[in-house]
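J.: Going by UniProt numbering, the letters in the sequence shown line up with residues 1 to 244, in that order. Have a look at this one.
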Amino acid sequence: MSVVKPYGDTLDDGAVQLSFTLPVAWSEAADEAARQLVAKMGFTDVAVVEGRAVAANFSFFVVYARTPVAIDVSTIQAPAASRDALDMEAVDALIAARIGRKVRVAGACIGTDAHTVGIDAILNMKGYKGDYGLERYHGFDVYNLGSQIAVEDLVRFAKEREVDAILASQVVTQKGSDIANFTALSELLEAENLRERILLIAGGPRVTNLLAAELGYDAGFGRGTLPSEVATFIARRMAERVPA
Numbered sequence: 001m002s003v004v005k006p007y008g009d010t011l012d013d014g015a016v017q018l019s020f021t022l023p024v025a026w027s028e029a030a031d032e033a034a035r036q037l038v039a040k041m042g043f044t045d046v047a048v049v050e051g052r053a054v055a056a057n058f059s060f061f062v063v064y065a066r067t068p069v070a071i072d073v074s075t076i077q078a079p080a081a082s083r084d085a086l087d088m089e090a091v092d093a094l095i096a097a098r099i100g101r102k103v104r105v106a107g108a109c110i111g112t113d114a115h116t117v118g119i120d121a122i123l124n125m126k127g128y129k130g131d132y133g134l135e136r137y138h139g140f141d142v143y144n145l146g147s148q149i150a151v152e153d154l155v156r157f158a159k160e161r162e163v164d165a166i167l168a169s170q171v172v173t174q175k176g177s178d179i180a181n182f183t184a185l186s187e188l189l190e191a192e193n194l195r196e197r198i199l200l201i202a203g204g205p206r207v208t209n210l211l212a213a214e215l216g217y218d219a220g221f222g223r224g225t226l227p228s229e230v231a232t233f234i235a236r237r238m239a240e241r242v243p244a
């Protein structure tokens, strides 16, 4: 089956759940406004199952509805950066055999983002879900710069330390701040003539490899990524750059 619709109670029933806020005080009329709004989006069988005030003149709604729209998933091309991950020993062996030195990796939450859980899970020794972080590998020199790092400071650090790979993390996406920061980092590396030399990797719960490629990055890793997947990508891509 390649053409599919959302699934609720029965196959192909097109059932979906939406949630949103409207800048109006809650009332039965507000519920009806939410229902009509979703109907105007093209949904049918619209039902407001939750509506309540969340602040003065703001209301939150949960709506059930059905969509007639289907998607042919066989036409979707979105290759993941994480594939056939090696274990820590195999990554270290690949780096030793093909690169012959430690790979220097710098990671940071850029811009004003202060959420370090994701970048720490990838870089810190303890890692994530029993998968050790890059600090534990023999083949990496890791610099975890933490949170709220200006892209100018990150690029300056990468240049001074001759970093091989940059892991830029963004959790906050409000008003496109993540896209703006990712773009600024890529453009500054280009301006400093460092982009071709440095592997540039984006990370965050809403990051996909497809989005990262559109932004000019070498790879993107989203929610659930294990440290070994990032380590494998860096090691393999660095090994490809070494003449045979």
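We put the CB at the ideal spot given by N, CA and C, even for glycine.
(1) Leaving out five residues before and five after A80 in sequence, what residues of the same chain have Cβ atoms less than 8 Å from its Cβ?
(2) For the candidate residues A150, D87, T183 and E162, whose alpha-carbon lies nearest to that of H138?
(3) Below 8 Å, can you find three or more Cβ-Cβ pairs linking the segment 126–144 to the segment 172–187?
(4) Inspect the CB distances between the segment 1–15 and the segment 65–82 and report whether three or more fall short of 8 Å.
(5) For I76, count neighbouring C-beta atoms within 10 Å of its own C-beta (all shown protein chains included) and say buried if the count is 16 or more, exposed if not.
(6) Could you give the residue range of the beta strand (DSSP E) that holds G222?
(7) Please report the straight-line C-alpha distance between S74 and V4, rounded to a whole angstrom.
(8) Within 10 angstroms of its Cβ, does S2 collect 16 or more other Cβ (buried), or is it exposed?
(9) Where does R101 fall in DSSP's three states?
(10) If you count every other CB in all the chains shown that lies within 10 Å of the CB of M238, and 16 or more means buried, which is it?
(11) Among V63, I99 and L188, which residue has its Cα nearest to the Cα of R241?
(12) Would you mind giving the Cβ-Cβ distance between I122 and G107, rounded to the nearest angstrom? I have them listed as a contact below 8 Å.
(13) Contact defined as beta carbons within less than 8 Å: I believe V63 pairs with L18. What is the distance between those atoms, to the nearest angstrom?
(14) Whole angstroms are fine: how far does the CA of R197 sit from the CA of A168?
(15) Where do the N-terminal and C-terminal ends of the beta strand (DSSP E) with Q174 fall, by residue?
(16) What first and last residue would you give for the alpha helix (DSSP H) that runs through V24?
(17) On a Cα-Cα basis, can you pick out the residue from L199, M41, K40 and F20 that is closest to V49?
(18) Quick check: what's the CA-CA separation for H115 versus V207?
(19) Could you tell me the boundaries of the beta strand (DSSP E) in which E160 lies?
(20) Put N144 into one of helix, strand or coil per three-state DSSP.
(21) Could you tell me the distance, in whole angstroms, from the CA atom of L22 to the CA atom of V172?
(22) When we look at the beta-carbon of V117 and count the other beta-carbons within 10 Å, is it buried (16 or more) or exposed?
(23) Sort N124, N193 and D9 by Cα distance to V155 and report the nearest one.
(24) What number of angstroms, rounded off, separates the C-alpha of M125 from the C-alpha of A97?
(25) Return yes when the Cβ of T232 is within less than 7 Å of the Cβ of V91, no when it is not.
T.: In brief:
(1) Along the sequence shown, read from residue 1 onward, the residue named residue 80 stands at position 80. Same-chain partners within the cutoff: N209.
(2) Walking along the sequence shown from the start, residue 138 turns up at place 138. The option with the nearest alpha carbon to H138 is D87.
(3) no
(4) Yes: the two stretches touch, three or more of their Cβ pairs being nearer than 8 Å.
(5) Walking along the sequence shown from the start, residue 76 turns up at place 76. Under this definition I76 is an exposed residue.
(6) Start at 1 with the first residue of the sequence shown, and residue 222 comes out as number 222. That residue, G222, is in no beta strand (DSSP E); it is neither H nor E in DSSP.
(7) Here the question's residue 74 lines up with position 74 in the sequence shown. Here the question's residue 4 lines up with position 4 in the sequence shown. Each residue's alpha carbon lies about 10 Å from the other.
(8) For the purposes of this step, residue 2 is taken as the residue at position 2 of the sequence shown. By the neighbour-count rule (16 or more Cβ atoms within 10 Å), S2 is not buried but exposed.
(9) As a first step, residue 101 is located in the sequence shown; it is residue number 101 there, counting from the start. Coil at R101, not helix or strand.
(10) Residue 238 sits at position 238 when you count from the first residue of the sequence shown. Per the 10 Å Cβ criterion, buried.
(11) Translated into positions along the sequence shown, residue 241 becomes position 241. Cα-wise, what sits closest to R241 is I99.
(12) To locate residue 122, count along the sequence shown from 1; it is residue 122. To locate residue 107, count along the sequence shown from 1; it is residue 107. Going by Cβ atoms, the distance from I122 to G107 rounds to 7 Å, so yes, they are a contact pair.
(13) For the purposes of this step, residue 63 is taken as residue 63 along the sequence shown, with counting starting at 1. For the purposes of this step, residue 18 is taken as residue 18 along the sequence shown, with counting starting at 1. Their Cβ separation, rounded to whole angstroms, is 5 Å, which keeps V63 and L18 in contact under 8 Å.
(14) As a position in the sequence shown, residue 168 is number 168, starting the count at 1. As a position in the sequence shown, residue 197 is number 197, starting the count at 1. Their backbone Cα atoms lie some 16 Å apart in a straight line.
(15) Along the sequence shown, read from residue 1 onward, the residue named residue 174 stands at position 174. First-last for Q174: undefined, no H or E at that position.
(16) Residue numbering aside, residue 24 sits at position 24 when the sequence shown is read from its first letter. Here V24 belongs to no alpha helix (DSSP H), and DSSP marks it neither H nor E.
(17) Position 49 of the sequence shown, counting from 1, holds the residue named residue 49. Each of L199, M41, K40 and F20 was checked against the Cα of V49, and the nearest Cα belongs to F20.
(18) The count along the sequence shown starts at 1 and reaches residue 115 at position 115. The count along the sequence shown starts at 1 and reaches residue 207 at position 207. For H115 and V207, the distance between alpha carbons rounds to 15 Å.
(19) Within the sequence shown, numbered from 1, the residue matching residue 160 stands at position 160. Not the beta strand (DSSP E): E160 falls in the alpha helix (DSSP H), residues V151 to E160.
(20) As a first step, residue 144 is located in the sequence shown; it is residue number 144 there, counting from the start. In this structure, N144 counts as strand in the three-state DSSP scheme.
(21) For the purposes of this step, residue 22 is identified with residue 22 of the sequence shown, where counting begins at 1. For the purposes of this step, residue 172 is identified with residue 172 of the sequence shown, where counting begins at 1. Approximately 22 Å, taken between the alpha carbons.
(22) Position 117 of the sequence shown, counted from the start, is the residue given in the question as residue 117. By the 10 Å Cβ count, V117 comes out exposed.
(23) The residue labelled residue 155 in the question sits at position 155 within the sequence shown. Nearest of N124, N193 and D9 to V155, Cα basis: N193.
(24) The sequence position of residue 125 within the sequence shown is 125, counting from 1. The sequence position of residue 97 within the sequence shown is 97, counting from 1. If you take the alpha carbons of M125 and A97, they lie about 23 Å apart.
(25) Translated into the one-based positions of the sequence shown, residue 91 becomes position 91. Translated into the one-based positions of the sequence shown, residue 232 becomes position 232. Yes, Cβ-Cβ distance for V91 and T232 is below 7 Å.
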